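Asker:
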Amino acid sequence: MKISSLCLASLPLTAAFVPQGNNGAAMTKNSLQAESVSTLPSPTKPIFDPLGLYAEDSPERMAGLIKPLESSAVQYNKEVQDPLGLYPVNSPERIDGIIKALESSYNKDVVDPLRLYQDASQVSSEVQMSASLPFVPRPAMLDGTLPGDRGFDPLNFSSDASALQWQRKAEVKHARLAMLAAVGWPVAELLHKDIASAFDLPILLASGDRVPSILNDGLSHASFPAFWIAIITAAAVIEIQESVEANLSCKLNPSDKGFDPINLGGKTMEQKHFMHEAELFNGRLGMLAITGFAIQEWFLNSAVVDQIPIFFKPLNVAMEQLMNA
Numbered sequence: 021m022k023i024s025s026l027c028l029a030s031l032p033l034t035a036a037f038v039p040q041g042n043n044g045a046a047m048t049k050n051s052l053q054a055e056s057v058s059t060l061p062s063p064t065k066p067i068f069d070p071l072g073l074y075a076e077d078s079p080e081r082m083a084g085l086i087k088p089l090e091s092s093a094v095q096y097n098k099e100v101q102d103p104l105g106l107y108p109v110n111s112p113e114r115i116d117g118i119i120k121a122l123e124s125s126y127n128k129d130v131v132d133p134l135r136l137y138q139d140a141s142q143v144s145s146e147v148q149m150s151a152s153l154p155f156v157p158r159p160a161m162l163d164g165t166l167p168g169d170r171g172f173d174p175l176n177f178s179s180d181a182s183a184l185q186w187q188r189k190a191e192v193k194h195a196r197l198a199m200l201a202a203v204g205w206p207v208a209e210l211l212h213k214d215i216a217s218a219f220d221l222p223i224l225l226a227s228g229d230r231v232p233s234i235l236n237d238g239l240s241h242a243s244f245p246a247f248w249i250a251i252i253t254a255a256a257v258i259e260i261q262e263s264v265e266a267n268l269s270c271k272l273n274p275s276d277k278g279f280d281p282i283n284l285g286g287k288t289m290e291q292k293h294f295m296h297e298a299e300l301f302n303g304r305l306g307m308l309a310i311t312g313f314a315i316q317e318w319f320l321n322s323a324v325v326d327q328i329p330i331f332f333k334p335l336n337v338a339m340e341q342l343m344n345a
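Okay, so the sequence shown: first residue is 21 according to this note's numbering, each after it adds one.
#1: Measure the alpha-carbon distance for M343 versus F313 and round it to whole angstroms.
#2: For A314, name the three-state secondary structure that DSSP assigns.
#3: Report yes if the CB atom of D229 is closer than 8 Å to the CB atom of E209, and no otherwise.
#4: Should A250 be labelled buried (16 or more other beta-carbon atoms within 10 Å of its own) or exposed?
#5: Is the beta carbon of G168 less than 8 Å from the beta carbon of L335?
#6: Which whole-angstrom value is the C-beta distance of F332 and V325, which I expect to be below 8 Å?
#7: May I have the straight-line CA-CA distance separating N293 from K287, to the nearest angstrom?
#8: Which of helix, strand or coil does DSSP assign to M149?
#9: In the DSSP assignment, find the unbroken alpha helix (DSSP H) run with K113 in it and report its ends.
#10: Measure the C-alpha to C-alpha separation of S58 and P66 and round it to an integer number of angstroms.
#11: Could you tell me which residues DSSP pairs with V100 in its beta bridges?
#12: What residue range does the alpha helix (DSSP H) around T253 cover?
#13: In terms of alpha-carbon separation, which member of L272, M289, T311 lies closest to A181?
#14: According to DSSP, is I67 helix, strand or coil?
#15: Just checking V337 against the ligand FAD - is the residue's beta carbon closer than 7 Å to any of the ligand's heavy atoms?
#16: For M346 and Q101, I'd like the C-alpha separation in whole angstroms.
#17: Taking just the CA atoms, how far does L235 sit from A202?
#18: Cα separation between Q187 and A195?
#19: Here's a check: name, in chain order, each residue in its chain whose Cβ is nearer than 6 Å to the Cβ of L239, leaving out the five neighbours to either side.
#20: Nearest by alpha-carbon distance to D163: which of F155, V156, Q148, N283 is it?
#21: Let me know if G117 comes out buried or exposed under the rule of 16 or more other beta-carbons within 10 Å of its beta-carbon.
#22: Nearest-angstrom Cα distance between S170 and L153?
Here it is in structure tokens:
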């Protein structure tokens, strides 16, 4: 009797340790979900989970609040460049068309002078290459219509029409001076001593009978200051006269000085173009020649007419000098 009464008294206590039925579990689960969903953040603010920290059965994912991180790129309309091809073909970025070619943002022509591209469609076909430097594009201002134009301007000196006109004028001046210097250099080394002795004048050649230049001690032989005053005055008069003429008129051809006593400039446009090119090409060769003369005499410490006498002296004298050397 005491045992049965104790069992009846303990029934309410054991009910606390016995699992409830299915209906009670479902009600508890629904109430917990409702409580958790009610505490979620506002649906207007999506949650980004790039590391996948939210489980599949998390309330946030079940409520549809977890958004992919890539959607922010679509929202801000930003293009994504992938030069290394890290995004796979089936990635959301490629499917949505967000991945753009890296070259499209720069809008530059693709030039392939060495034929490195296997696909010819990737190379710009409208780009013209320079005639003198076939591995670089032709400068915009040098279209081949001017005399002597071969598309050589690697430092872009002729960036506009004004700069091109100035460079043409400077080149013509230096070309004409270089042609005179290329002739006067060996003539001075051959005849200066005889002419100076005939008129009882001092010899102005540098050591080794070399023409005075900045690479030897020749400039110190000139009488100072009379020589330099005369040279600077003559150059200033010529430059001032050209500046005045440039302000009063505009010449399309800066090399035209109206000096053609025997009519060598040509009559037709083709002949004039040919003569202008011949003058420029010989002038460019003269600039290289006098530069070579100065460097050669400085390096070998002797006159250029003695280094290669066969070009400047009579054949018998040249052969005798070469055999005795």
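Even for Gly, the Cβ is constructed at its ideal location relative to N, Cα and C.
Note that the structure is a prediction, hence the values are computed from the model and not measured.
Answerer: Taking the structure as given:
#1: 23 Å
#2: helix
#3: yes
#4: exposed
#5: no
#6: 4 Å
#7: First, the amino acid is wrong: residue 293 is His here, not Asn. Computed Cα separation, rounded: 10 Å.
#8: strand
#9: First, the amino acid is wrong: residue 113 is Glu here, not Lys. It spans 112-115 - the alpha helix (DSSP H) in which E113 sits, taken as one unbroken run.
#10: Unreliable placement is indicated for S58, whose pLDDT of 49 sits below 50; the coordinate value is still reported in the next sentence. Going by the C-alpha atoms only, they are around 16 Å apart.
#11: I119
#12: 246-268
#13: L272
#14: strand
#15: Within the structure as shown, the ligand FAD is missing, as the structure has no ligands at all.
#16: Since the first residue of the chain shown is 21 and the last is 345, residue 346 is not available in this structure.
#17: 17 Å
#18: 12 Å
#19: P232
#20: Q148
#21: exposed
#22: Correcting the residue identity first, residue 170 is Arg in this sequence and not Ser. Rounded to the nearest angstrom, the two C-alpha atoms are 9 Å apart.
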